[in-house]
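*Asks:* Structure in structure tokens, see below.
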């Protein structure tokens, strides 16, 4: 059985974690398959949005038992290579050129919570729990910390990362960790509908440039960020998508993206 399944429908790529018997926990194979799947979706011109979802009752429980056991005997170099592999996945998703949506139907723990964190949008059922539980086993949630600080700020990130406590989906929505809480029976429909809104209403090129702007301006001081934003604004005006969109707007025509 594949650890990850991949299929496309209506310009959306669906990546489904498929280790329900292991609570969809990370393995080297699963991480590798996720990286391959995101690369495939990035290169497919017929894919405009990616949905990350999971089978079973748990979204992702972080590292599996076999992985944790290897930590006991790995050398520093082996652990660095392994950590870098996961780091590359998180960075790939965060910098992905197309919108990403996580559909969280159950608990997202440790590395699994990190997986949801790096997606652009997260919709979760009310029963879902979120937490970076690494400190409870003497581990450090180091890689995700950069992304979490950007997403929810230092005070909330400190609480979650240092306490290792689990929070409800409602609390996660309140602090900005997830986009919205959706009843379980409506989760699939909500995610599919939202994906189609992005596909039909928005320019792919404009969404990509907006994602880049969000990433880059946070790394710059105010003056640098504004200079970058002005340059990006000028660059966007020259794109075919912008010309098409403005022409349709001025002519009161429906824009077909």
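In my numbering, the protein residues as written are 830 to 1086. Glycine is no exception: its CB is placed at the ideal position from the N, C-alpha and C atoms. Please read these numbers as outputs of a predicted model, since none were measured by experiment.
Look at the Cβ atom of residue 1004, then the Cβ atom of residue 985, and state whether they are nearer than 7 Å.
*Replies:* The residue labelled residue 1004 in the question sits at position 175 within the chain shown. The residue labelled residue 985 in the question sits at position 156 within the chain shown. Yes.
*Asks:* Have a look at residue 1053 and residue 990 and give me their C-alpha separation to the nearest angstrom.
*Replies:* By 1-based counting over the chain shown, the position of residue 1053 is 224. By 1-based counting over the chain shown, the position of residue 990 is 161. Whole-angstrom Cα-Cα distance: 31 Å.
*Asks:* Rounded to the nearest angstrom, how far is the Cβ of residue 953 from that of residue 1010, given a contact under 8 Å?
*Replies:* Position 124 of the chain shown, counted from the start, is the residue given in the question as residue 953. Position 181 of the chain shown, counted from the start, is the residue given in the question as residue 1010. Yes, residue 953 and residue 1010 are in contact; Cβ-Cβ is about 6 Å, under 8 Å.
*Asks:* To the nearest whole angstrom, what separates the beta carbons of residue 946 and residue 980, a pair I think is in contact under 8 Å?
*Replies:* The residue given as residue 946 occupies position 117 in the chain shown. The residue given as residue 980 occupies position 151 in the chain shown. About 6 Å separates the two Cβ atoms, so the contact holds.
*Asks:* If I measure Cβ to Cβ from residue 969 and keep anything under 7 Å in the same chain, skipping five residues before and after, which residues do I get?
*Replies:* Your numbering for residue 969 matches position 140 in the chain shown. Answer for residue 969: 963, listed in chain order.
*Asks:* Rounded to whole angstroms, what's the CA-CA distance from residue 1090 to residue 858? Just pull it up for me.
*Replies:* Only positions 830 to 1086 of the chain appear in this structure, which leaves residue 1090 out of reach.
*Asks:* So residue 879 packs on residue 834, CB below 8 Å; how close in whole Å?
*Replies:* As a working note, residue 879 is residue 50 in the chain shown. As a working note, residue 834 is residue 5 in the chain shown. Not really, about 13 Å apart at Cβ, beyond 8 Å.
*Asks:* Per DSSP, what kind of secondary structure is residue 923 in: helix, strand or coil?
*Replies:* The sequence position of residue 923 within the chain shown is 94, counting from 1. Correct three-state label for residue 923: helix.
*Asks:* By a C-beta neighbour count over all protein chains shown, 10 Å radius and 16 as the cutoff for buried, is residue 874 buried or exposed?
*Replies:* Looking up residue 874 in the chain shown gives position 45. That one is exposed.
*Asks:* Would you call the stretch 1057-1077 and the stretch 1027-1036 in contact, with 3 or more CB pairs under 8 Å?
*Replies:* At 8 Å Cβ cutoff, the stretches touch.
*Asks:* Judging by CA-CA distance, which residue of 895, 862, 853 is the nearest neighbour of residue 934?
*Replies:* The count along the chain shown starts at 1 and reaches residue 934 at position 105. Out of 895, 862, 853, 853 has the C-alpha closest to the C-alpha of residue 934.
*Asks:* Rounding to the nearest angstrom, what Cα-Cα distance links residue 876 and residue 1043 in this structure?
*Replies:* Residue 876 sits at position 47 when you count from the first residue of the chain shown. Residue 1043 sits at position 214 when you count from the first residue of the chain shown. When rounded, the distance between both Cα atoms is 22 Å.
*Asks:* If you reduce the DSSP assignment to three classes, tell me which class residue 838 lands in.
*Replies:* To locate residue 838, count along the chain shown from 1; it is residue 9. Strand.
*Asks:* Rounded to the nearest angstrom, what separates residue 794 and residue 1029 at their Cα positions?
*Replies:* The question about residue 794 has no answer here: the residues shown for the chain are numbered 830 through 1086.
*Asks:* To the nearest whole angstrom, what separates the beta carbons of residue 855 and residue 940, a pair I think is in contact under 8 Å?
*Replies:* Residue numbering aside, residue 855 sits at position 26 when the chain shown is read from its first letter. Residue numbering aside, residue 940 sits at position 111 when the chain shown is read from its first letter. Correct: roughly 5 Å between the Cβ atoms.
*Asks:* Find the nearest neighbour of residue 1025 within the set 839, 832, 831, judged by alpha-carbon distance.
*Replies:* By one-based count along the chain shown, residue 1025 stands at place 196. Closest by alpha carbon: 839.
*Asks:* In or out: residue 898 buried (at least 16 other Cβ within 10 Å) or exposed?
*Replies:* One-based indexing of the chain shown puts residue 898 at position 69. Classification of residue 898: exposed, given that the 10 Å Cβ count is below 16.
*Asks:* State the Cα-Cα distance for the pair residue 860 and residue 1082, rounded to the nearest angstrom.
*Replies:* Within the chain shown, residue 860 is the residue found at index 31, counting from 1. Within the chain shown, residue 1082 is the residue found at index 253, counting from 1. Using only the alpha carbons, I get a separation of about 44 Å.
*Asks:* Could you tell me the distance, in whole angstroms, from the CA atom of residue 975 to the CA atom of residue 944?
*Replies:* One-based indexing of the chain shown puts residue 975 at position 146. One-based indexing of the chain shown puts residue 944 at position 115. Spanning the two alpha carbons is a distance of roughly 13 Å.
*Asks:* DSSP has residue 933 in a bridge; who is on the other side?
*Replies:* For this step, residue 933 is matched to residue 104 along the chain shown. According to DSSP, which records beta bridges pairwise, residue 933 is partnered with 953.
*Asks:* Within 10 Å of its beta-carbon, does residue 966 have 16 or more other beta-carbons around it, so buried, or fewer, so exposed?
*Replies:* For this step, residue 966 is matched to residue 137 along the chain shown. Residue 966 is exposed by the Cβ-count criterion.
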